[in-house]
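There are 6 protein chains.
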Amino acid sequence: MNERNISDFSEGERVVGHFLVQSKQLLTTRAGKPYLNLTLQDKTGRISGKVWDGAAEIHDTFKGNDAIKIDGTVELYNRELQLTIRRLRPSEPDEVDLSDFVARSSHDIDEMFLDIRSLVESIENPHLKALLDAFFEDEDFTEAFKTSSAARNIHHVCIGGLLEHTLSTARLCEYLTTHYEDLDGDLLITMAILHDIGKVKELEITPAINYTEVGNLLGHIVIGIQMVGEKINRLPDFPPQLRTLVEHMILSHHGQSDWGSPRPPMFLEAEVLHRADDMDVKVDIIKRALAEDRDPDSPWTTYHRALERVLYKKPTYETDVSPEESAG
Amino acid sequence: MNERNISDFSEGERVVGHFLVQSKQLLTTRAGKPYLNLTLQDKTGRISGKVWDGAAEIHDTFKGNDAIKIDGTVELYNRELQLTIRRLRPSEPDEVDLSDFVARSSHDIDEMFLDIRSLVESIENPHLKALLDAFFEDEDFTEAFKTSSAARNIHHVCIGGLLEHTLSTARLCEYLTTHYEDLDGDLLITMAILHDIGKVKELEITPAINYTEVGNLLGHIVIGIQMVGEKINRLPDFPPQLRTLVEHMILSHHGQSDWGSPRPPMFLEAEVLHRADDMDVKVDIIKRALAEDRDPDSPWTTYHRALERVLYKKPTYETDVSPEESAG
Amino acid sequence: MNERNISDFSEGERVVGHFLVQSKQLLTTRAGKPYLNLTLQDKTGRISGKVWDGAAEIHDTFKGNDAIKIDGTVELYNRELQLTIRRLRPSEPDEVDLSDFVARSSHDIDEMFLDIRSLVESIENPHLKALLDAFFEDEDFTEAFKTSSAARNIHHVCIGGLLEHTLSTARLCEYLTTHYEDLDGDLLITMAILHDIGKVKELEITPAINYTEVGNLLGHIVIGIQMVGEKINRLPDFPPQLRTLVEHMILSHHGQSDWGSPRPPMFLEAEVLHRADDMDVKVDIIKRALAEDRDPDSPWTTYHRALERVLYKKPTYETDVSPEESAG
Amino acid sequence: MNERNISDFSEGERVVGHFLVQSKQLLTTRAGKPYLNLTLQDKTGRISGKVWDGAAEIHDTFKGNDAIKIDGTVELYNRELQLTIRRLRPSEPDEVDLSDFVARSSHDIDEMFLDIRSLVESIENPHLKALLDAFFEDEDFTEAFKTSSAARNIHHVCIGGLLEHTLSTARLCEYLTTHYEDLDGDLLITMAILHDIGKVKELEITPAINYTEVGNLLGHIVIGIQMVGEKINRLPDFPPQLRTLVEHMILSHHGQSDWGSPRPPMFLEAEVLHRADDMDVKVDIIKRALAEDRDPDSPWTTYHRALERVLYKKPTYETDVSPEESAG
Amino acid sequence: MNERNISDFSEGERVVGHFLVQSKQLLTTRAGKPYLNLTLQDKTGRISGKVWDGAAEIHDTFKGNDAIKIDGTVELYNRELQLTIRRLRPSEPDEVDLSDFVARSSHDIDEMFLDIRSLVESIENPHLKALLDAFFEDEDFTEAFKTSSAARNIHHVCIGGLLEHTLSTARLCEYLTTHYEDLDGDLLITMAILHDIGKVKELEITPAINYTEVGNLLGHIVIGIQMVGEKINRLPDFPPQLRTLVEHMILSHHGQSDWGSPRPPMFLEAEVLHRADDMDVKVDIIKRALAEDRDPDSPWTTYHRALERVLYKKPTYETDVSPEESAG
Amino acid sequence: MNERNISDFSEGERVVGHFLVQSKQLLTTRAGKPYLNLTLQDKTGRISGKVWDGAAEIHDTFKGNDAIKIDGTVELYNRELQLTIRRLRPSEPDEVDLSDFVARSSHDIDEMFLDIRSLVESIENPHLKALLDAFFEDEDFTEAFKTSSAARNIHHVCIGGLLEHTLSTARLCEYLTTHYEDLDGDLLITMAILHDIGKVKELEITPAINYTEVGNLLGHIVIGIQMVGEKINRLPDFPPQLRTLVEHMILSHHGQSDWGSPRPPMFLEAEVLHRADDMDVKVDIIKRALAEDRDPDSPWTTYHRALERVLYKKPTYETDVSPEESAG
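Here is the structure:
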C-alpha cells in the first residue's frame with residue numbers, strides 16, 4: 001500500500017502514505033495554539049506524529065481507527081523517530097484495506113491452512129472426520145478461521161494468529177500421540193484443531209483487535225461449544241457420547257476454573273490437549289516479550305504482567321565455545 | 001407403600017415392608033459365621049439392619065440400590081434403633097416404585113408448578129414469553145423439571161427440589177423488581193425460572209441422586225445454555241442480542257470462576273439473579289443442617305464442610321419474654 | 001447556594017458562585033509564567049478551572065477543601081468544558097455551608113427517616129424495641145445517622161447514604177421474613193437497622209468524605225458493637241444471650257474474615273442479614289458505575305476495580321419489540 | 001487425689017481411684033454380651049478401660065465428663081496398657097475436684113502471677129497503669145485469668161496456660177523494648193499483658209476445655225475489647241486516643257484478616273505485639289508436637305495440621321562432639 | 001523368587017513363598033484369643049493374611065518391612081481373596097532380595113539407560129557434554145539413577161521410575177527442539193536428563209519407597225543443584241554463566257513457588273523444561289489412576305486428591321464405528 | 001565529597017559539587033528548545049535539576065548512574081526545591097567514589113562487625129565455630145559482608161544494611177536462647193549470622209542497588225547454601241547431619257513456599273530463626289515508612305505496597321500526661 005513501512009523509516013526522509021490512526025489528542029501549546037498529537041500504525045509498527053498547523057480545523061475530520069493519508073518528514077527527537085506532518089486528509093475507502101494496517105502471522109496463511117487440511121485428512125474416525133469436514137467445507141468459517149487473531153494481546157496477536165496457534169498445537173498433539181501409548185490420536189488431533197474455534201466470534205479486527213459483545217459476555221469456550229453443537233446437529237449419526245467428549249475437551253481446555261474452564265480435564269486426551277495448548281501459548285508469550293524488548297543494556301526484560309515475572313535475555317555466545325578455546 | 005415409615009419406628013415393633021438397600025456388607029463373627037450388615041432407606045430416613053442367619057446364601061440375591069421386602073423386629077442397641085431381620089427377599093418390580101424411597105419436597109409439586117406457570121403468564125416481553133412457553137409446552141421437559149432434585153446433596157435434595165428452589169428464587173426476583181428501580185423484571189424473572197434447567201440432565205434419581213455422565217463432564221450451566229439454544233433456534237424472531245443476555249445470565253449465575261461461572265455477572269439483572277439464587281441456596285443449606293442435627297445437648301451443630309463453619313442453634317425462648325417477666 | 005449547578009453549565013456562559021476546591025496545583029508555562037490548575041466541585045459534579053493571571057499571589061490564600069467564590073467563563077476545550085477564571089477569593093464562613101458541596105441522597109432524608117421509624121414501631125420483641133428506641137431517642141445519634149454517608153467511595157456515597165442503604169436493607173429483610181419460614185423477623189429487621197451504625201463514627205464529611213482515625217483503626221463493625229453495648233448497658237433487663245446474638249449479627253455481617261468479619265454468620269438471621277446487606281451494596285455499586293460512565297460509544301464501562309470486571313451497558317430497545325415487528 | 005497417676009501405671013498393678021470419663025461406648029461381643037469401652041483421663045494422661053460384666057446395668061449411671069471411681073487391673077494388650085475394670089461407681093461431688101483431671105501448667109501459677117504483677121508495677125504511664133490496676137484489683141478477673149487455658153487445643157492447653165503465654169509474651173516484649181529504639185515500652189508491655197484477656201470468657205474448663213457460646217459467637221478479640229472498654233469507662237481521665245490505640249492493639253494482634261484480625265497492625269507497637277504473640281504460640285505448638293510424639297523409630301513426627309508440616313526430631317548427639325573425637 | 005505372584009493367586013490354591021510384610025497387627029477374638037492380621041506384598045500387588053494359631057508367640061519375631069516365608073491357603077472372603085497362614089518364619093537374608101518386593105518399571109531398565117546414553121552422545125556443546133559425562137561415568141551415580149523411583153507415590157513409583165520419567169521428558173524435549181525455533185537443544189536436553197537427579201538422594205527404597213532425612217529437609221531441587229555443583233567444580237573450564245543457567249533450570253523446573261520452585265522459569269528453555277516435565281508427570285498420574293481403578297461398574301474413578309478431580313473412564317467402543325453401522 | 005548535602009540545601013544558595021545522575025530526560029519547550037530534566041542524588045537524598053541551555057550538546061556526554069559535577073542555584077518551585085544548573089561536566093573517576101552517593105547504615109560498620117565477631121567467639125560447638133571462622137577469616141567475604149545492603153529496597157537498604165540486619169537478628173536470637181528452654185543456642189546464633197550471606201552475591205551496588213544476574217536467577221537462599229557448602233567441603237570433620245541442619249535453616253528461613261522457602265522450618269531453631277528474621281525485617285520496614293513520610297498534615301502514611309496497609313502516625317503527647325494534668 002505504502003512505499004515504505006514504518007519499521008524502515010530513517011531520519012530525514014519524506015513520507016507520503018496511508019496510516020491507521022491508533023490514537024489522537026488535541027493539545028495546546030502554552031502560547032494557546034492547538035496542535036495534534038497522533039500515533040500512527042501500519043502492520044510493521046507505530047510512530048508518533050505531530051500536526052502543528054491547522055490542528056483545530058482538521059481534528060474533527062477523522063477519528064481513532066480511521067486511516068489517513070499524510071505528507072511529512074521523519075525527525076529524530078530525544079532518541080526516537082517522529083513524524084512532523086505538514087498535510088493530511090482522511091483516506092478514501094477504496095484507497096486502503098484496513099487489514100493492511102494489522103500485523104500478520106510471519107507464516108504463510110495458505111500454507112498453514114493446507115497443513116491443517118492435511119491433518120484433517122489423516123483422521124480415520126468417521127464421526128470426527130465428518131465433524132471436521134463440516135467446518136472446513138463451510139466457507140464462512142474457513143474465511144474467518146484463516147484471518148482471526150488468537151488473542152487481543154498476549155499471544156499470537158495478528159491476522160493468522162489463530163491458525164498459527166492451532167496448527168502448532170495440533171502438530172504437538174500429533175507428536176504426543178506417538179510419544180504416549182493409549183492416546184486416542186483422532187480425538188486428540190481433532191480437538192486440537194477445534195479447541196479455539198470460538199475465537200472467530202469472540203474477537204474482531206476493526207482493525208484494532210478487540211472482543212465482540214458476544215465474545216465478552218460468553219467467551220470463546222462457550223461459543224466454541226455452540227459452534228460444534230450446530231455442526232453435530234446436522235450429523236445425525238454422531239454418537240451422543242462422543243459429542244460429550246468433544247464438548248468436554250473444549251470446555252476443559254483452560255485446565256481449571258480460575259483460568260476459565262468450569263471443568264478440569266477429566267480424561268487423558270483432555271489433559272494432554274490442555275497442556276499442549278498451554279505450552280504453545282506460553283512459548284509464544286515468552287518469544288514475544290523477548291522480541292518486544294527495547295533495552296539492549298539490561299539482561300532483563302521489564303516485568304511481564306501475564307507471566308508475573310521478568311525474563312532473562314539468556315546469552316548464547318559462551319555456550320558454543322569449546323573448552324580448549326575458553327581456556328586459551 | 002409400607003404401613004410404617006422409618007421415622008415412625010419404635011422399639012419392639014415388628015416390621016414387614018419394602019425398603020431400599022442403601023449399602024450392604026458381608027461380615028463374619030469371630031466364630032466364623034457370616035452375617036449381613038445393611039443400611040435400609042425409605043423416604044423418611046435410614047436404619048441399620050442385621051441378618052444373622054443364612055447370610056452367605058442370601059447376600060448375592062440383591063445388591064445396593066435394589067429394594068427388598070423384609071420381616072424383622074426393631075431393637076434398641078446402644079441408644080439407636082436397629083432392625084434384626086428374620087427373613088428377606090428382593091422386591092418384585094411391580095411391588096415397589098423406586099421413587100418412593102426418595103425424599104420429596106415438603107411442598108406440593110403440582111401447586112408449585114402452577115405457581116411457576118402463573119409467573120410465566122405474567123411475562124410481557126413477547127420473546128421471553130415465547131421462550132418460556134417453548135419449555136413449558138414441552139412435556140418431556142416439564143415432567144423432568146417437576147421431579148428433578150436441585151442438587152446431589154447440600155441443598156434442595158429431593159424430588160421436586162429443583163422446582164422448589166426455582167419457584168423461591170423466581171419469587172424473590174419478582175419482589176426485587178419492585179424493590180429496586182431500573183431492573184428489567186421480565187428478563188430477571190424469566191431467567192430465575194430458567195437458570196437451573198440444565199439440572200434436569202445433570203442429575204438422575206436411580207433412586208439415589210447422582211450426576212449423569214454428561215452432567216459431570218459438562219455441568220448444568222453449559223447444559224442449560226444448550227437447552228436454551230435449542231429452543232431459541234426454533235424461534236426465528238428471537239433477537240440475537242437478547243439471546244446473548246439470556247445465555248450470559250445462565251453462564252454467570254454462579255457469580256465467579258471459582259464457583260463455576262467463567263464470566264461474572266456483567267449487568268444488573270445478572271448480578272441480582274446470582275445473589276437471589278445464592279441466598280436461596282444458603283438459606284436451605286442452613287435449614288437442612290439444623291434439621292439434620294442429632295445432638296440436642298449441644299448448642300452447636302457439627303462442622304459443616306460446605307458452609308465451612310459450625311452453626312449455632314439459636315435459642316428462641318428468651319427473646320419472647322417481656323422485660324417484666326425476665327426481671328421477675 | 002449558587003444560581004447554576006455544575007451539571008447545568010453550558011459553553012459560553014458566565015459563572016459567578018461558590019465552589020469547593022477539590023484539588024489545586026501551581027504550574028508554570030514554558031514562558032515561565034505561573035498559572036493555577038483547579039478542580040472545583042459542587043454537589044452535582046466537578047469541573048476543571050484555570051487561573052492565568054495573578055496565580056502566584058493568589059495560590060496561598062486558600063487550600064484544598066476550602067470554598068472559593070469565582071467569576072469566570074465556561075469554555076469548550078478538547079471536547080470538555082472548563083472554566084477560565086478571571087477573579088476569585090476565599091468564601092466567607094457565613095456565605096457557604098460546606099455540606100452543600102457534597103452529593104445528597106436522591107431520596108428525601110426526612111421521609112426515609114420516617115420510614116425507618118415505622119419499621120422500628122413494627123418491632124414487637126420488647127428488648128429489641130427498647131434497644132432501637134435507645135438509639136432513635138438519642139438526638140446526637142439520629143442527627144449523625146440521617147446525614148452520614150454509607151462509605152467513602154464505592155457505594156451510597158452521599159449525605160443520607162447510610163440512611164438510604166439502611167432503609168433498603170431493612171425493607172428487603174422485611175420481605176424476606178415473609179418469603180422464608182422460621183426467620184425471627186424482629187431480630188432480623190432490628191439488626192438490619194443497626195448493622196452499619198458504626199459508620200456514623202467511622203466516616204466524617206469535611207466536606208470530603210473520609211475515614212476518621214478511630215474509623216481506620218477499629219472499623220465500623222467494632223465501633224457498632226461498642227455503640228450497641230453502651231445502649232444495652234443501660235437496659236438492665238436485656239437478656240445476655242440476646243445481646244450476644246445482636247453483637248454477633250453486627251460482627252458477622254460482612255460474611256467472612258477476608259471481608260472484615262472475624263466470625264461467619266452462625267445462624268439463619270445473621271446469614272440473611274449478610275446477604276441482604278451485600279445485595280444492596282452491590283446493586284448500588286453497579287448502578288453508580290453505569291451512571292458515571294462517560295463513553296457513549298462503547299457498550300462497556302471501564303474496568304471497575306471493586307467489582308473486578310467491566311460492565312455491559314445492556315441495550316433495552318430490542319427487548320420491547322413484538323415478534324411481528326422485529327420480523328417485519 | 002489418687003495414689004497413682006495414669007502416666008505411672010505399670011503392667012499387673014491393681015488400681016483403685018477416681019478418673020474422668022473422657023468417652024464411653026456400649027458395645028457387644030459376637031456372643032451378644034454387652035461390654036463397656038471407656039477412655040479414662042487424669043491430669044497426666046489417658047488410658048483405655050473395659051467393663052466386661054454388668055455393662056448394660058451400669059452404662060446409664062454416668063456419662064461423658066463425669067468422674068467415676070474404679071477398681072481394676074492394668075494389663076498389657078497389643079503393646080499398650082489398658083484397664084480391666086471389675087467394679088465402678090460414679091464419684092461423689094465431694095470426692096473429686098474436676099479440675100484435678102485437667103493438665104496444669106508446668107510453671108507455678110502463683111509465681112507466674114507475681115511476675116506479671118511485677119511487670120504491671122513497672123509501667124510508668126499513669127493511664128495504662130490505671131487500666132492494668134483496674135484488672136488486677138478485680139478478683140473475679142484475676143481468679144479467671146490465673147486458671148484459664150490459652151486455647152482449646154493447639155497451644156498452652158492447660159490450667160494456667162493463658163497466664164504462662166501472657167507472661168512469656170510480655171517478657172519478650174520487655175526485651176524488645178530494649179532491642180529496638182522508638183518503641184513505647186509502657187504501651188507494648190501493657191498490651192502484651194492484656195492482649196488475650198478475652199480468653200477468660202471465650203473458653204471454659206468443664207473440665208474439658210471448650211468454647212463458651214459467647215466465645216464461639218464473638219471470639220476473644222471482641223470480648224477483650226469489650227472488657228477493656230468496661231474498665232476504661234470507669235477511668236474518666238483516660239485519653240480517648242490512647243483508648244483507641246489500646247483497642248486497636250487487641251483488634252490487630254492476630255496480624256491479618258485471615259487469622260481473625262479485621263485490621264492489620266497499623267503502628268509499630270501493634271506489629272511487634274502481633275509478632276511476639278505469634279512467636280510464643282508457634283514455639284509452644286512445636287514443643288507440644290515433639291512432646292506428644294509417640295514413635296521413637298521415626299525421625300519425623302506425624303503431619304501437624306495447624307503447622308501444615310511434619311517436624312524433624314533433630315538429633316543432638318552429633319553436634320556436641322569435638323572434631324577430634326568425630327574424626328577418631 | 002516365588003513360583004506364583006500375588007496377582008496370579010486363585011481361590012483354593014496352596015501358597016508357599018516369601019513376601020514382604022507391609023503391615024502387621026495383633027488383634028484378639030472376642031473369646032480372648034489373639035490372632036495376627038497381616039498385609040503381604042510382592043512386586044505385583046498386596047493380599048491380606050491371617051494367622052489364627054500361635055499368634056502371640058510369633059508376632060515379635062518379625063516386623064514391618066521384613067520378609068517372611070509363609071505356607072498357607074488362598075480363600076475367598078466377602079468377594080476378596082485372603083491368605084489363611086498355617087506356618088510362617090522370617091526369611092533369611094540370602095533367601096530374598098528386598099528389591100524383588102517392589103514394583104519395577106514396565107520398561108527394560110538397561111534399554112532405557114542405553115537410550116539416555118544415546119541422548120547424551122548427541123549433545124554437541126562441549127561443556128554440557130562434559131557435565132553429563134561426569135555423571136554417567138560415575139558408577140555410584142548411574143547405579144542409583146537406574147534404580148531410583150521418581151516419587152514416593154503419585155507418579156512413576158517403581159524401581160526404574162526415575163529413569164523412565166527422565167527418558168520420556170528428555171525425548172519430549174528433543175521433539176520440542178524441532179517443533180519450536182530458537183530453543184538451545186543441547187541445554188534443554190541436558191537439563192531434561194539432569195532435572196530430577198536429586199531424587200537419587202531424596203528417596204530410598206527399603207523396600208518401601210520413602211523420603212530420606214536429607215530428602216525431606218532439603219528436597220531434590222536443592223540436592224540436585226548441589227550434585228551438579230560438585231561435578232562442575234571439577235570442570236575448571238565450565239563457563240560460570242552457563243553454570244548459572246544449569247542451576248536455574250533445576251531450581252525453576254517446578255514452575256512456581258507454590259510447587260516448590262522459589263524462582264519461576266526465566267528463559268525459554270527453563271519454561272519448556274518445566275512444562276515437558278509437568279506433562280509427563282500428569283500423564284503418568286492419570287494412567288496410574290485409571291489402572292488402579294477397582295470399580296468396573298462406575299464410569300468414574302474415585303476422587304484423586306493430587307489431581308483434585310474424578311476421572312472419566314472414557315469408553316472407546318462407540319468411536320470406532322462407522323456412521324453406517326451406528327445408523328443401522 | 002561535597003561541601004553541602006542535598007538534605008541541607010536551602011532556597012537561593014549556589015551549589016557546586018558532584019552528584020549521581022539517578023535519571024535523565026531530554027525534553028523540549030513548546031518553542032522547540034530542548035532542555036534536560038535530571039534527578040540528582042547523593043547519600044542524603046534526591047533533587048530535581050534543569051539545564052535550560054546547551055542541552056542538546058550536553059545530553060550525550062553522560063548517562064544514568066554516572067556522576068557529574070554541576071554549578072547551579074537552588075530555587076523554590078511549587079513548594080519544592082529544584083536546581084537550575086548553569087554548567088555541568090562528567091566527574092573524573094578520581095574525583096568521586098561512587099559509593100559516596102549511596103546511603104550508609106546509621107550504625108558504625110566496624111563496630112557492628114566487631115559485635116558480630118564477639119558473637120562468633122561465643123559459639124562453643126566446634127563444628128559451627130569452625131564454619132563461622134571459615135567465613136570470617138575469608139577477607140573477600142568479610143569485605144563484601146560489611147558493605148552489602150540487605151535488600152534492593154524495602155528494608156535495610158544501605159551500605160552496611162546486611163550487617164545491621166544480621167547483627168540485630170543474631171542478638172534477638174541470643175536473647176531467645178535464654179527466653180525459651182530447649183533451644184540449641186549455638187546452632188541458632190550461628191545460623192542467624194549466616195542466614196542471609198547469599199545476599200553478598202545476590203545484590204550489587206553500582207552505586208544503585210540491584211540484583212546481580214546470579215542473584216535474580218538463583219536467589220540468596222540457594223547462593224547461601226552453595227557458599228556454606230563450599231566452606232564445609234573444606235572441613236572434613238563436619239558432621240553430615242549437622243550440615244543438613246545448617247542448609248535447612250538457610251533454605252527455610254523465609255518460612256513458607258510463597259515467600260521463597262521451598263521447605264517450611266522443620267525444627268524449633270529453624271522456626272525461631274525465621275520469626276526473628278521476619279520481625280527484624282518488618283520493624284525496619286515500618287520505621288522506614290514512617291521516616292519517609294512527607295505529609296505532616298495527615299495522621300496516615302500513604303499506602304505501603306509491601307505491608308499492604310497504611311500506617312498510623314501514632315501521637316505520643318497524650319500518653320505521657322498524668323491523670324491529674326489531663327483532668328485539670
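Chains H, S, Z, U, W and C, in that order, are what the protein sequence lines are. When we follow my numbering, the leftmost residue of the first sequence carries the number 1, and every step to the right adds one. When we follow my numbering, the leftmost residue of the second sequence carries the number 1, and every step to the right adds one. When we follow my numbering, the leftmost residue of the third sequence carries the number 1, and every step to the right adds one. When we follow my numbering, the leftmost residue of the fourth sequence carries the number 1, and every step to the right adds one. When we follow my numbering, the leftmost residue of the fifth sequence carries the number 1, and every step to the right adds one. When we follow my numbering, the leftmost residue of the sixth sequence carries the number 1, and every step to the right adds one. The beta carbon of each residue, even a glycine, is placed where N, CA and C say it ideally should be. Values in this document were obtained by computation on a predicted structure and should not be read as measured data.
What first and last residue would you give for the beta strand (DSSP E) that runs through residue 34 of chain H?
Unbroken beta strand (DSSP E) run through residue 34 of chain H: 34 to 42.
May I ask you to verify whether the stretch 145 to 161 of chain W touches the stretch 99 to 106 of chain W, counting CB pairs closer than 8 angstroms and requiring at least 3?
yes
Could you give the distance in angstroms between the alpha-carbon of residue 245 of chain S and the alpha-carbon of residue 262 of chain S?
Spanning the two alpha carbons is a distance of roughly 15 angstroms.
Here's the rule: buried if 16 or more other CB atoms are within 10 angstroms of the residue's CB, otherwise exposed. What is residue 315 of chain H?
Residue 315 of chain H is exposed by the Cβ-count criterion.
Write down every uninterrupted run of the beta strand (DSSP E) in the stretch 147 to 228 of chain H whose length is 3 residues or greater and which is fully enclosed by it, in chain order.
203 to 205 and 209 to 211
Using three-state DSSP, classify residue 126 of chain C as helix, strand or coil.
helix
Taking the straight line between their C-alpha atoms, what separation do you get for residue 237 of chain Z and residue 191 of chain U?
33 angstroms
When you compare only the Cα positions, how much space is there between residue 129 of chain W and residue 144 of chain W?
20 angstroms
How many Å lie between residue 88 of chain W and residue 280 of chain W at the Cα?
42 angstroms
Out of C:235, C:255 and C:40, state which residue places its alpha-carbon closest to the alpha-carbon of residue 127 of chain C.
The option with the nearest alpha carbon to residue 127 of chain C is C:235.
Could you tell me whether the stretch 49 to 58 of chain S touches the stretch 83 to 98 of chain S, using the rule of 3 or more Cβ pairs below 8 angstroms?
yes
What first and last residue would you give for the alpha helix (DSSP H) that runs through residue 332 of chain Z?
The requested residue 332 of chain Z is not part of the displayed model; chain Z covers only 1 to 328.
Out of curiosity, what's the CA-to-CA distance linking residue 271 of chain W and residue 299 of chain S?
54 angstroms
In the DSSP assignment, what are the bridge partners of residue 52 of chain S?
BP columns for residue 52 of chain S are empty, so no partner.
Grouping DSSP H, G and I as helix and E and B as strand, with all else coil, what is residue 46 of chain W?
strand
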